[in-house]
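Asks:
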Amino acid sequence: MTKAFISYHHRNDQDYRSHVSWLANVHGAFDDCSVELDDIDDDLAPQTIRRIIRDDYLRDTQVTILLCGTETRFRKHIDWELKSSMIDGTVNKRSGILVIDLPTTSCNSWQTSLPGEKEAIYPDFTTGWFTVETKADFQTRYPDLPERIIDNLVKPDVALSVVPWSRIENQPANLKFLVDATARVAHSNQYDMSLPMRMRDHNP
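According to the working numbering, the sequence shown is numbered sequentially starting from 6.
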């Protein structure tokens, strides 16, 4: 079973995280290796927290699942988790990244990049597919996505999908397909990691 780490805004989006964990733990969508609330002391030095996340939680995972709500893009810990997932290091290897867009964003778009994804997840949507290519277009389409994710959506050598919550809610088979397919492409992703790591939570 694919091992995955859930990255999310603990204060805002815990209910969504609990549902995804239920799909994993009860219905076998994936092996949940995430940080639980209060697992990490937030008073620790930032570099210590980053090391704990990278070496203790991401070490054996193959996929990072990002739950994207309205304030996700401002959270420093989420940015650290995303960048750590992109690094092909000696301790933790590069992971695939799957974005689940939460209902709070009111976004009705999706981005497909995985083999067989259109047929498996969107069998009812057979026409009207089009390609989004520029960073500005992605930012307009997904105003709540972290910039680090946007930077990698525009890269042709990164397979990174964005799926609406409605396509995985109470649908463990869909989630399992997406997580497994994301794991299979992880090794070939050449992530853009040029964005500096966020040092504080900031909502402009």
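Beta carbons: idealized from backbone N, C-alpha and C, even for Gly. Owing to the predicted nature of the structure, the values given are computational and were not obtained by experimental measurement.
The ligand FAD heavy atoms versus the CB of I83: any closer than 6 Å?
Replies: Because no ligand of any kind appears in the structure shown, any question about the ligand FAD cannot be addressed here.
Asks: For the candidate residues S23, N113, L28 and Y21, whose alpha-carbon lies nearest to that of A178?
Replies: Within the sequence shown, residue 178 is the residue found at index 173, counting from 1. With distances taken between Cα atoms, A178 lies closest to L28.
Asks: Do you know offhand how far L165's Cα is from T117's?
Replies: Counting from 1 along the sequence shown, the entry for residue 165 is found at position 160. Counting from 1 along the sequence shown, the entry for residue 117 is found at position 112. If I take the Cα positions, the gap works out to 8 Å.
Asks: Are Q195 and D142 close, meaning C-beta to C-beta below 7 Å?
Replies: For this step, residue 195 is matched to residue 190 along the sequence shown. For this step, residue 142 is matched to residue 137 along the sequence shown. Not in contact: Q195 and D142 (Cβ atoms no closer than 7 Å).
Asks: Buried or exposed: which applies to H14, given that a residue is buried once 16 or more other Cβ atoms fall within 10 Å of its Cβ?
Replies: The residue labelled residue 14 in the question sits at position 9 within the sequence shown. H14 is buried by the Cβ-count criterion.
Asks: Which residues does DSSP list as the beta-bridge partners of V104?
Replies: In the sequence shown, the residue the question calls residue 104 occupies position 99. Paired residues: L71 and V167.
Asks: Alpha carbon to alpha carbon, how far is D48 from D156? Give it in angstroms, no decimals.
Replies: Taking the first residue of the sequence shown as 1, we reach residue 156 at position 151. Taking the first residue of the sequence shown as 1, we reach residue 48 at position 43. Distance between the alpha carbons of D156 and D48: 30 Å.
Asks: Just verifying my parser: in three-state terms, what is the DSSP assignment at F10?
Replies: Here residue 10 corresponds to residue number 5 of the sequence shown, with the count starting at 1. DSSP places F10 in strand when its eight states are reduced to three.
Asks: Between D37, H32, V31 and Q19, which has its C-alpha nearest T7's C-alpha?
Replies: The count along the sequence shown starts at 1 and reaches residue 7 at position 2. Ranking D37, H32, V31 and Q19 by Cα distance to T7 puts D37 first.
Asks: According to the neighbour-count rule (16 or more other Cβ atoms, all chains shown, within 10 Å of its Cβ), is F85 buried or exposed?
Replies: Sequence index remark: in the sequence shown, residue 85 carries index 80 (1-based). This sequence places Trp at residue 85; Phe is not what is there. Counting Cβ neighbours within 10 Å, W85 comes out buried, since at least 16 surround it.
Asks: Can you tell me where the alpha helix (DSSP H) with E86 in it begins and where it stops?
Replies: For the purposes of this step, residue 86 is taken as the residue at position 81 of the sequence shown. Counting along the chain, the alpha helix (DSSP H) containing E86 begins and ends at K81 to M91.
Asks: Are the CB atoms of T75 and T109 nearer to each other than 7 Å?
Replies: What you label residue 75 is simply residue 70 of the sequence shown in a count that begins at 1. What you label residue 109 is simply residue 104 of the sequence shown in a count that begins at 1. Result yes, Cβ atoms of T75 and T109 sit closer than 7 Å.
Asks: Between S89 and A125, what straight-line distance do the alpha-carbon atoms span, to the nearest angstrom?
Replies: The residue you call residue 89 lines up with position 84 of the sequence shown. The residue you call residue 125 lines up with position 120 of the sequence shown. When rounded, the distance between both Cα atoms is 29 Å.
Asks: When you compare each of F79, G94 and K81 to T66 by their alpha carbons, which one comes out closest?
Replies: Working through the sequence shown from its first residue, we reach residue 66 at position 61. Here the closest residue by C-alpha is G94.
Asks: State yes or no: is the C-beta of V70 within less than 7 Å of the C-beta of V168?
Replies: Locating residue 70 in the sequence shown gives position 65, counting from the first residue. Locating residue 168 in the sequence shown gives position 163, counting from the first residue. Note on residue identity: the sequence assigns Ile, not Val, to residue 70. Going by C-beta atoms, I70 is not nearer than 7 Å to V168.
Asks: Relative to the alpha-carbon of P51, which residue among H32, H24 and K81 has its alpha-carbon at the smallest distance?
Replies: Position 46 of the sequence shown, counting from 1, holds the residue named residue 51. When H32, H24 and K81 are compared, the shortest CA-CA separation from P51 is found for K81.
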